[in-house]
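Participant:
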Amino acid sequence: DIFHAFISKISLDGLEPIWTKKLGAVRNSDHVLGIGCAVTPDGKDVYLAGTVKNNAVIDLSDEKVEPIKWSSGGDDIFVAKFDVDDGNLSYAKQMGSRADETLARGGNGGGIVTDS
């Protein structure tokens with residue numbers, strides 16, 4: 371199985387999709403897993419965070435942002451920022467070391483990065 375992270379905006383009337391965005395890996399055999407998302411306090415942007423597995427790189431070839439060129443090795447984490455109105459990706463960053471990183475949610479809603 372291949373996993374891709376995705377994020378969708380849905381209408382409250384009928385739960386119809388307004389837009390959906392997918393983040394996959396450059397190699398189709400790799401996994402990008404979405405762990406959580408949060409809307410900014412002003413309601414203009416939504417952040418998606420997750421894990422990129424096994425030395426993979428997020429494929430941003432269809433987006434108008436700086437491409438991610440490499441992984442440091444192992445499992446990395448990522449953060450992506452989307453416009454709430456139209457779903458356009460405005461920022462994406464993949465981070466990691468040669469070890470495996472994981473992402474967790476802190477008690478106050480902030481993110482926590484761990485390295486093994």
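When you read off a place in the sequence shown, starting at 1, and then add 370, the result is the number in our numbering.
All residues carry an ideal CB built from backbone N, CA and C; glycine is no exception.
Owing to the predicted nature of the structure, the values given are computational and were not obtained by experimental measurement.
1) Touch check for the region 435 to 449 and the region 466 to 476: three-plus C-beta pairs under 8 angstroms?
2) At the level of alpha carbons, what is the spacing between histidine 401 and proline 387?
3) Among the candidates Leu385, Lys379 and Asp383, whose CA atom is the shortest distance from the CA of lysine 392?
4) Taking its Cβ as the centre, do 16 or more other Cβ atoms sit within 10 Å of alanine 507, making it buried, or is it exposed?
5) What did DSSP end up calling lysine 451 once you bin it into helix, strand or coil?
6) Please state if the CB of aspartate 429 and the CB of valine 454 are separated by a distance shorter than 8 angstroms.
7) DSSP state of serine 378, grouped into three classes?
8) Classify phenylalanine 448 as buried or exposed, calling it buried when 16 or more other Cβ atoms lie within 10 Å of its own Cβ.
9) Taking aspartate 371 as the reference, which of Cys407, Gly394 and Leu385 has the closest Cα?
10) Does DSSP put aspartate 371 in a helix, a strand or coil?
Facilitator: In brief:
1) Touching, per the Cβ criterion.
2) Roughly 24 angstroms separates the two Cα atoms.
3) Lys379
4) Here the chain comprises residues numbered 371 to 486, so residue 507 is not present and cannot be evaluated.
5) strand
6) no
7) Serine 378 falls in the strand class under three-state DSSP.
8) buried
9) Gly394
10) coil
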